[in-house]
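A.B. asks:
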Amino acid sequence: MSMVCQKCRKQLPLPPQSILFRCACGNMIPLGNSERSLPIQEHGRFSSKMRRFRDKFRRNSSRENSRSPSPSVSPRLSLIFTKPAPSGKRALLCGVTYKKEKFRLRGTLHDVHSMSDLLVRKFNFTNDSILILAEEEAYKPPTRRNILEAFKWLMEDLKSGDSLVFYFSGHGLRQPDFCDDELDGFDETICPLDFRTNGMISDNDINDILVKPLLPGVTLHAIVDACHSGTVLDLPWVYKENRWVDNRPPSGANKGTKGGKVFGFSACRDNQLAADTSAFSAEKTMMGAMTYTFIKAIWEIPDITYQGLLDHMHKAIENVNKARCPLLKILQRKIDQEPVLSSSEKFNTNTRFKL
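Mapping of the sequence shown onto the working numbering: residues 365 to 719, in sequence order.
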């Protein structure tokens with residue numbers, strides 16, 4: 365098995381046990397090792413410094429896996445958030461900047477504030493019904509522990525009629541799937557602030573914690589602005605080319621709810637990267653491309669449908685790519701992502717979008 369050097373186009377042997385990802389911000393993020401040889405194209409030179417980082421991640425990951433089962437199987441966490449979960453509408457918003465890392469993102473705090481404003485002004489959420497995790501003094505940091513705790517807060521004392529929102533803006537990665545739960549052979553993950561030392565949160569965990577417990581009459585909308593996020597909720601149905609495609613796992617595992625409904629909007633397909641960009645802002649404000657187009661569509665079209673929302677995001681990204689200056693296309697990276705809609709069950713996408 366080989367890979368192609370993106371600079372000289374030469375065929376190179378693929379290192380058998382290294383998995384390296386390039387995020388939309390341009391940084392290389394190593395993810396540890398695998399027993400499989402995977403057709404991953406590595407961009408640039410794998411330096412000794414990066415190799416030491418990879419080896420350290422492998423050791424930390426091995427220790428974590430050996431001592432801690434899945435959080436969905438053993439949720440031995442005490443609720444650290446003082447405000448109780450309200451009935452009716454509630455939302456968990458996570459914005460991870462990774463301030464002290466080389467792969468820092470600059471638009472996630474802006475994304476969280478924009479989403480909070482949308483929920484309050486457009487969909488009548490109260491400030492008390494919104495829990496924000498971010499790297500600012502006013503909030504608790506979006507560490508792995510805190511995100512899992514916040515999941516518990518979001519899912520506490522569910523009743524028919526509750527409308528839940530989970531929003532995440534940050535890095536996303538993929539890792540090999542060894543449970544035969546993925547059609548493409550990869551689990552998708554979100555990366556908490558401390559993911560290098562305490563691990564990522566996988567699509568299996570998100571499905572176990574946020575999807576499977578949903579009771580009849582309860583609705584969850586998940587909006588995930590991260591790389592490789594297409595099926596990050598592991599929902600049974602994915603909307604592609606104006607039709608529902610079966611995404612149920614080969615293993616036959618149940619990835620549905622207990623009667624509730626889940627709608628997932630993801631920044632891109634599982635094999636794509638999501639952009640943290642200033643391309644949509646005249647003031648050059650950094651923001652997630654998916655978050656910006658999602659919110660803009662809702663504000664501009666009051667009675668927008670799920671289909672209309674998806675189409676509007678696709679069109680907005682297409683338009684900003686066309687508007688790139690021809691002389692600067694080398695410097696202005698193309699936004700190569702296709703927002704994805706997934707669901708716990710098939711439904712008419714011309715239904716009005718509401719939270």
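Glycine included, C-beta positions come from ideal geometry on N, C-alpha and C.
Pair every Cβ in the stretch 550–569 with every Cβ in the stretch 519–538, then say whether three or more of these pairs are closer than 8 Å.
C.D. replies: Enough Cβ pairs lie closer than 8 Å, so yes.
A.B. asks: Please name the residue in 587, 454, 668, 682 whose C-alpha comes closest to that of residue 597.
C.D. replies: When only C-alpha atoms are compared, the closest one is 587.
A.B. asks: Would you please state the rounded distance, in angstroms, between the beta carbons of residue 704 and residue 632? I believe it to be under 8 Å.
C.D. replies: That belief holds up - the Cβ atoms of residue 704 and residue 632 are roughly 7 Å apart, short of 8 Å.
A.B. asks: When the Cβ atoms of the stretch 645–662 are set against those of the stretch 472–487, are three or more pairs found closer than 8 Å?
C.D. replies: Yes, the stretch 645–662 touches the stretch 472–487.
A.B. asks: In chain order, what residues of the same chain lie with their CB nearer than 8 Å to the CB of residue 636, ignoring the 5 residues before and after it?
C.D. replies: Excluding positions up to five away in sequence, the list reads 591, 592, 594, 700, 701, 702.
A.B. asks: Below 9 Å between beta carbons: does that hold for residue 719 and residue 529?
C.D. replies: In contact: residue 719 and residue 529 (Cβ atoms closer than 9 Å).
A.B. asks: Along the chain, where does the alpha helix (DSSP H) containing residue 656 start, and where does it finish?
C.D. replies: That run of the alpha helix (DSSP H) goes 653–664.
A.B. asks: Which value, in whole angstroms, describes the spacing of the CA atoms of residue 467 and residue 548?
C.D. replies: Residue 467 and residue 548: Cα-Cα distance of roughly 26 Å.
A.B. asks: In or out: residue 506 buried (at least 16 other Cβ within 10 Å) or exposed?
C.D. replies: With 16 or more Cβ atoms within 10 Å of its Cβ, residue 506 is classed as buried.
A.B. asks: On the criterion of 16 or more Cβ atoms from any shown chain inside 10 Å, does residue 580 qualify as buried, or is it exposed?
C.D. replies: It is exposed - the Cβ of residue 580 has fewer than 16 other Cβ atoms within 10 Å.
A.B. asks: For residue 577 versus residue 619, is the C-beta spacing smaller than 9 Å?
C.D. replies: Against a cut-off of 9 Å, the Cβ pair of residue 619 and residue 577 comes out as no contact.
A.B. asks: Which residue spans inside the stretch 483–536 form an unbroken alpha helix (DSSP H) run of at least 4?
C.D. replies: Segments of the alpha helix (DSSP H) lying fully in the stretch 483–536: 508–518.
A.B. asks: Quick one: is residue 707 buried, meaning 16 or more other Cβ sit within 10 Å of its Cβ, or exposed?
C.D. replies: Per the 10 Å Cβ criterion, buried.
A.B. asks: Label residue 665 either buried or exposed according to how many other C-beta atoms from any shown protein chain fall within 10 Å of its C-beta, with 16 as the threshold for buried.
C.D. replies: Exposed, since its Cβ has fewer than 16 Cβ neighbours within 10 Å.
A.B. asks: Tell me the rounded alpha-carbon separation between residue 389 and residue 684.
C.D. replies: Because residue 389 carries a pLDDT of 49, less than 50, the predicted location of this residue cannot be relied on, and no value is offered for it.
A.B. asks: Within 10 angstroms of its Cβ, does residue 405 collect 16 or more other Cβ (buried), or is it exposed?
C.D. replies: Caution applies to residue 405, whose pLDDT of 28 falls short of 50 and renders its modelled position unreliable; the model cannot decide the point.
A.B. asks: Between which two residues does the alpha helix (DSSP H) carrying residue 457 extend?
C.D. replies: Note, residue 457: premise wrong, no alpha helix (DSSP H); beta strand (DSSP E) at 453–459.
A.B. asks: My guess is that residue 456 and residue 514 are in contact by the Cβ rule of under 8 Å, so how many angstroms apart are they, rounded?
C.D. replies: Confirmed, Cβ separation roughly 5 Å.
A.B. asks: Are the beta-carbon atoms of residue 600 and residue 545 separated by less than 9 Å?
C.D. replies: Taking 9 Å as the Cβ cut-off, residue 600 and residue 545 do not qualify as a contacting pair.
A.B. asks: Indicate the three-state DSSP secondary structure (helix, strand or coil) for residue 541 in the structure shown.
C.D. replies: Of the three classes helix, strand and coil, the one that applies to residue 541 here is coil, per DSSP.
A.B. asks: Please classify residue 708: does DSSP put it in a helix, a strand, or coil?
C.D. replies: It is coil, neither helix nor strand.
A.B. asks: So, are the CB atoms of residue 589 and residue 643 less than 9 Å apart?
C.D. replies: Contact: no.
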